[in-house]
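The block underneath contains the structure these notes are about, expressed in structure tokens.
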Amino acid sequence: MSFHEGISGKILVEKMNPAWLIFSDGFNYSKISSLLKRILDFFLALFGLVVSLPITVITAILIKLESPGPIFYRQERVGAKGRVFSIIKFRSMRQDAEKNGAVWACSNDARVTRVGGFIRKVRIDEIPQMWNVIKGEMSFVGPRPERPVFVEQLVDTLPYYALRHFAKPGITGWAQICYPYGASEEDALRKLEYDLYYIKNQSFFLDLLIVFRTVKTVLFQKGSR
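In this text, residue positions in the sequence shown follow the numbering used here: the first is 6, and each later residue adds one.
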């Protein structure tokens, strides 16, 4: 397991011994490390909101001009320890996108507006999530927060899926940069392998690597949906 983990950057969930994972250093993250990460998250998010203000204003105008509806949208997501919170994003879909209920997002989604497609590619739609970071509901780096309706399904079908809620969800994360955007239970399993690797090995230096690779991903517009 350790050999495969080291060369692949993920954990084989289906062959994993849960005790091997739960008693690792990452699952016993110290209070000092958590506090330092929280302080860094707060100031980075505050700085990011101020610096991105011109982009925020332009994006808000374009969204309002293209389609009726709010500029921002809130959606329930599952965070650390299973707590539900409201994520904030720029609206990138039509206002009636989910009139028939929640569905997995996918590539070339017909519900996405033209402005929405662009801001998703360059990740501008995620700028408002820095407010979630300031509030302490999210971190800059962590597993992607999923919707409660999908979490209920995945907890029942995927082994150890609930363990990903040990860490705060992130704007970016190890799974987000290592695996293309998923839209199925199989994709959720593959991303879970990366999420558990991150939680087991989380550190300041791993967070820096993820942020660096996220910047590169945004520049080359990979993994957007």
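Glycine included, every Cβ here is placed at the ideal spot set by N, Cα and C.
Spatially closest choice to residue i from the options, by CA coordinates
i	options	result
L159	I27, S35 and V83	V83
S13	V216, L213 and A180	A180
G175	I66, I204 and L163	I204
Y199	R149, E71, S39 and I27	R149
R96	F123, K42 and Y78	Y78
S189	Q134, D30, Q207 and V156	V156
S39	F145, E151, K196 and I124	F145
M98	K69, S91, G87 and K86	K69
K86	L197, K173 and L17	K173
V62	I132, Q207, K196 and E142	I132
Buried or exposed (CB count within 10 angstroms, at least 16 for buried), residue i
i	result
L224	exposed
K20	exposed
T162	exposed
K221	exposed
P59	exposed
L201	buried
K36	exposed
Backbone CA spacing between residue i and residue j [nearest angstrom]
i	j	result
T177	R218	10 Å
K126	G74	21 Å
L211	G147	11 Å
F209	I129	25 Å
C183	L168	19 Å
Nearest-angstrom Cβ-Cβ length linking residue i and residue j, presumed shorter than 8 Å
i	j	result
P153	V89	6 Å
Three Cβ pairs or more, each shorter than 8 Å: is that satisfied between the stretch 120–138 and the stretch 34–53? Cβ pair count under 8 Å is three or more, so yes.
Answer yes if the stretch 32–51 comes into contact with the stretch 115–123, meaning at least three C-beta pairs across the two stretches below 8 Å, and no otherwise. no
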